[in-house]
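Undergrad: First, the structure itself, so that you have it in front of you.
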DNA sequence: AATGAACTTGACATTCATTTTCAATATTGT
DNA sequence: ACAATATTGAAAATGAATGTCAAGTTCATT
Ligand SMILES: [Mn+2]
Ligand SMILES: [Mn+2]
Ligand SMILES: [Zn+2]
Ligand SMILES: [Zn+2]
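Residue numbers (my numbering), protein chains in the order written: chain G, 32 to 174; chain F, 32 to 174.
Right under this line is the structure:
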């Protein structure tokens, strides 16, 4: 049992939820997926393994993971993407407008300035997304 | 005729579009609106003036404004918001998760670091959105 | 092992923002 | 005025996300 698993099972128990194979399937596939993923692609990924799963269950479980603090969402390209939050460090994104490729980066200085400005504006930050759209090196060259 | 108007009319002409009263209505209301606005609220705003306008026309024109470089979009709260781009300086956002209030801010240092990192990752930035979600001062106090 | 209250599941329906369709109407160059 | 082409908006279509509910499952208690 990884720390995430322990954490999740504890969370479910406290929330009065019962154990279920379907929920575990979604949770496990999410754990295996290091990159951010949309609900639909996670659904596909589980189905392709030959597992039986409903779309609603995937959505529901992903929402639960967010509520439990294990996942967080970022929206781009008209879709919600889920990414790890538990034991994963925060990052911002470059997103290629042409091919959709994403590049993660972090800048402690940017984070620091954000917090300083939040204080200045009497704003209590909870989460943020910095998405920089443009062209990745491949798409720059191919015209 | 403001610079924006001249620019827009020139753009339309070059694109082989005909002049139209409906398009002008949307364009003018967008110009009058300093804050970012959703397609639906812009639609309402025009209707409330007693003007006759279709939803599709509002959407179409807003998309055209983006294509012409006069407007740009930012997505949050499950809606696309349109904001000025022409002759308006860029800014990032604090967004209150509770009441939806937005606070604009700018940080030249953040912008500079973004560009430096883009170079480092061989990425050509075109636009970006930095959205910081949290609680505004009012919503912090009210529980 | 049986019970039953409460939770889970997934096919299907619904909602909501956005886009597309298309027939009627308007604009523009000649 | 004419014809070619663009515009309009009501209605339909799309697509992501959420809600519904009857049938199935879990689990604490007996
Ligand atoms: Mn960040
Ligand atoms: Mn910025
Ligand atoms: Zn690319
Ligand atoms: Zn607020």
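Every residue, glycine too, gets a C-beta built ideally from N, C-alpha and C.
#1: Should residue 87(F) go down as buried or exposed, given a rule of 16 or more other Cβ atoms within 10 Å for buried?
#2: Any heavy atom of ligand 1 closer than 7 Å to the beta-carbon of residue 141(G)?
#3: Taking only the alpha-carbon atoms, compute the straight-line gap between residue 183(F) and residue 132(F) and give it to the nearest angstrom.
#4: Can you give the Cα-Cα distance for residue 137(G) and residue 130(G), rounded to whole angstroms?
#5: Return the residues of the segment 53–74 of chain F that lie within a Cβ-Cβ distance of less than 8 Å from chain G, sorted by chain order.
#6: Do residue 113(F) and residue 67(F) come within 8 Å of each other at the CB atom, strictly closer than that value?
#7: Whole angstroms are fine: how far does the CA of residue 128(G) sit from the CA of residue 89(G)?
#8: Does the segment 90–105 of chain F come close enough to the segment 57–71 of chain F that 3 or more CB-CB pairs lie under 8 Å?
#9: CB of residue 172(G) to nearest heavy atom of ligand 3: below 7 Å?
#10: Do we get a CB-CB distance below 8 Å when we pair residue 134(F) with the residues of chain G?
#11: Ligand 4 and residue 169(G): does any heavy atom of the ligand fall closer than 7 Å to the residue's C-beta?
#12: Quick check on residue 71(G): buried or exposed, where buried means 16 or more other Cβ atoms within 10 Å of its Cβ?
#13: Indicate, with yes or no, if ligand 4 has a heavy atom lying under 7 Å from the CB of residue 127(F).
#14: Within its chain, find whatever has a CB closer than 8 Å to the CB of residue 77(F); leave out the 5 residues flanking it on each side and keep chain order.
#15: With a cut-off of 8 Å, do at least 3 Cβ pairs link the segment 144–163 of chain G to the segment 33–53 of chain F?
#16: For chain F, find out if any of its Cβ atoms is closer than 8 Å to the Cβ of residue 112(G); answer yes or no.
#17: Closer than 8 Å, CB to CB, is residue 172(F) near chain G or not?
#18: At 3 residues or longer, what runs of the beta strand (DSSP E) sit wholly inside the segment 38–115 of chain F?
TA: Concretely, from the data shown:
#1: exposed
#2: yes
#3: Lying outside 32 to 174, the shown extent of chain F, residue 183(F) is not represented and no answer is given.
#4: 22 Å
#5: none
#6: yes
#7: 27 Å
#8: yes
#9: no
#10: yes
#11: no
#12: exposed
#13: yes
#14: 56, 57, 60, 84 and 89
#15: no
#16: no
#17: no
#18: 102–107 and 110–115
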